[in-house]
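My numbering runs 6 ahead of the 1-based position in the sequence shown. From the three backbone atoms N, C-alpha and C, an ideal C-beta is built for every residue, glycine too.
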Amino acid sequence: MLQPELYYVGETPWVPGSKLPVVVHRGALTHCENEDAMKEALEANGGWKKGGAWNAWFKAHFHPNVHECYGVVQGTSELSLGRSPLDPPSKGMLLKVNRGDVVILPAGVSHCSSTASSDYRFVVLFPTGEPRWISVWFDQPTEGTPDYRRRCQMVPLPSHDPLYGEGMGLVETWRKVISEGK
């Protein structure tokens, strides 16, 4: 099992954030040559289903009702995590991703590409059995941020890691974070 990178992305006045870390598996699926292969590899262990495939998405948003998994099919991007367009540049973080990287975003962590190669493409998966994702854009009123923060904290942990299966990897990591009260 690859040791993942963990990134803690806090809240801002406009972004709910999460106490759970963003989990990054570098180069885990470089053997996947196309979207279908990436989808198949990430769905193979159960617990996650494809939600779509996209090129770079430059508009920051978050999901208050589901966690999200990116599988980078091709190209590179620098993701902006945990920052809205209303926040100063010192908030959040930038994360460079490449072909074969797998990134799991907890509910409430805002995300978008800040830069991307012209061939950047990724598939998105969501935990099986969860509701269809809701996207919250920052052109909506921000008075709801405390409510969104509560909603994000109520999203159940996935039962499966998209790479390693039931109860493994991501699931163990996030359970440990919760039990330690980070």
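Cβ pair residue i, residue j closer than 8 Å
{"i": "L163", "j": "R181", "result": "yes"}
{"i": "R89", "j": "A66", "result": "yes"}
{"i": "A200", "j": "S83", "result": "Nothing can be reported for residue 200: it is not among the residues displayed for the chain, which extend from 7 to 188."}
{"i": "W20", "j": "D93", "result": "yes"}
{"i": "N71", "j": "R157", "result": "yes"}
{"i": "G106", "j": "L176", "result": "no"}
{"i": "Q80", "j": "Y126", "result": "yes"}
{"i": "Y76", "j": "V130", "result": "yes"}
{"i": "Y13", "j": "P27", "result": "yes"}
{"i": "F128", "j": "G57", "result": "no"}
{"i": "W54", "j": "T179", "result": "no"}
Buried versus exposed call for residue i [16 or more other C-beta atoms within 10 Å across all chains shown]
{"i": "I110", "result": "buried"}
{"i": "P10", "result": "buried"}
{"i": "A50", "result": "exposed"}
{"i": "S24", "result": "buried"}
{"i": "R145", "result": "According to the sequence shown, residue 145 is Asp rather than Arg. The residue in question, D145, is exposed, as its Cβ has fewer than 16 Cβ neighbours within 10 Å."}
{"i": "H31", "result": "buried"}
Option in the options with minimal Cα separation from residue i
{"i": "T18", "options": "P152, G187, G173", "result": "P152"}
{"i": "P95", "options": "G114, K45, E74, S120", "result": "S120"}
{"i": "S123", "options": "G98, R138, V78", "result": "V78"}
{"i": "E74", "options": "A47, H117, M99", "result": "H117"}
{"i": "V115", "options": "V103, F128, M99, V108", "result": "M99"}
{"i": "N4", "options": "P133, G33, L48, E172", "result": "Residue 4 lies beyond the range of the chain shown here (7 to 188); nothing can be said about it."}
{"i": "P112", "options": "H69, G187, D145", "result": "H69"}
{"i": "G52", "options": "V161, L8, M174, M7", "result": "M174"}
{"i": "V15", "options": "L101, E46, D42", "result": "L101"}
{"i": "G171", "options": "S141, R138, E186, A47", "result": "A47"}
{"i": "K45", "options": "V108, S185, M7", "result": "V108"}
{"i": "H166", "options": "E136, H37, M160, K97", "result": "E136"}
Counterpart residues of residue i in DSSP-defined beta bridges
{"i": "K56", "result": "L131"}
{"i": "S86", "result": "L100, C118"}
{"i": "F68", "result": "V142"}
Heavy atom of the ligand MN within 7 Å of residue i beta-carbon
{"i": "W63", "result": "This structure simply doesn't include the ligand MN, nor any ligand for that matter."}
Any chain D beta carbon closer than 8 Å to residue i
{"i": "K97", "result": "Reference to chain D is not applicable here, since this structure consists of a single protein chain."}
Exercise. Which full runs of the beta strand (DSSP E) of 3+ residues lie inside the stretch 150-178, going along the chain?
Worked result: none
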